[in-house]
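Here is the structure we will look at, set down as structure tokens.
Numbering (the working numbering), first residue to last: 7 to 345.
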């Protein structure tokens, strides 16, 4: 639909309709059908995810679209209005704080990669840094205040970088990147090569996690949470990494007696397991930071006898509900606990 929408207005309208219909069915209908006396009570599960993050039917609330989003104005309007439905009780206010670029900061720290860490120390725009390095751009800056800031000079280049700045760290390969950016696989391979050349510490840590899951069947986060992936070890011991290359499947089938169809399924499974091994240590570390902050501020609210509590956790965002008269102290506690 996307590929023909530029030439056929009806196709673009259908795409917009489908997105609006999804927003309606996923959020508005759910709130209207399941409220109790005008209030919708979300559910939270402490052990609903492997990373340790709380799972919730509020966890999926969509993020507001970026100001430079190319999304249709109606989709942006109703997408962004969903969070406006969440309001505090009379006499209370929300104290709302969000970690900025938490997962990129986690994988920069996890890798100990100086170039990545420097992005955050110097308060540069991460997407611009990655785009400039990966696409070897000489005449633009990642400094948000610079006159040649990449977002001003080449906005599409920076927008494209959002497709791979995090994706490559989480295992994105040439084929998927080429599809995302509508470029050749050779060009996508060049972007990935430059990405790892720019951040060698990141590549080394990714290779370490992959080696760990292949030999031990598990990976561990910085805070000690373990993700068991024994099937990855089994597949590696039986087929090796050769199974990842589609061209090797016939040879492997002849050698092992496993059918081509079954090997295709195993290949896909193995690829997913390796991606899990790359994702988990970062997402779990980010989760531990958010969860520890929630515990810390809860303890401080109790110690200071402040009428406030942690009422929502959505992605990397923590929301406390606080009695209006306590808000000044409450804000101080929330910021301190999260930092």
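Backbone N, C-alpha and C fix where the C-beta goes; we use that ideal spot for every residue, glycine too.
Fair warning: this is a prediction, and the values are worked out from it, not measured in the lab.
Looking at the secondary structure, which residues open and close the beta strand (DSSP E) in which residue i lies?
i	result
residue 67	Looking at the DSSP string, residue 67 is not in any beta strand (DSSP E), and its letter there is neither H nor E.
residue 325	323–329
residue 232	232–234
residue 319	314–320
residue 98	98–104
To the nearest angstrom, report how far apart residue i and residue j are at their CA atoms.
i	j	result
residue 96	residue 326	15 Å
residue 392	residue 101	No information on residue 392 is available, as it lies outside the stretch 7 to 345 that the chain covers here.
residue 90	residue 61	21 Å
residue 54	residue 323	18 Å
residue 161	residue 26	26 Å
residue 173	residue 182	10 Å
residue 22	residue 306	46 Å
residue 346	residue 254	Because the chain is modelled from 7 through 345, residue 346 falls outside the range shown and cannot be assessed.
Under the rule that 16 or more other beta-carbon atoms within 10 Å means buried, what is residue i, buried or exposed?
i	result
residue 166	buried
residue 210	exposed
residue 110	buried
residue 293	buried
residue 124	exposed
Please name the residue or residues paired with residue i in a DSSP beta bridge.
i	result
residue 18	According to DSSP, which records beta bridges pairwise, residue 18 is partnered with nothing at all.
residue 147	155
residue 226	232
Relative to the alpha-carbon of residue i, which residue among the options has its alpha-carbon at the smallest distance?
i	options	result
residue 234	192, 269, 283, 277	283
residue 318	104, 44, 81	104
residue 229	81, 47, 336, 112	112
residue 139	94, 121, 277	121
residue 303	136, 316, 179, 208	316
residue 18	81, 147, 247, 118	81
residue 78	180, 66, 20, 245	20
residue 300	212, 265, 341	341
residue 177	136, 87, 286	286
residue 290	232, 333, 313	232
At what residues does the alpha helix (DSSP H) containing residue i begin and finish?
i	result
residue 129	Where residue 129 is concerned, there is no enclosing alpha helix (DSSP H), given that its DSSP letter is neither H nor E.
residue 341	333–344
residue 87	79–87
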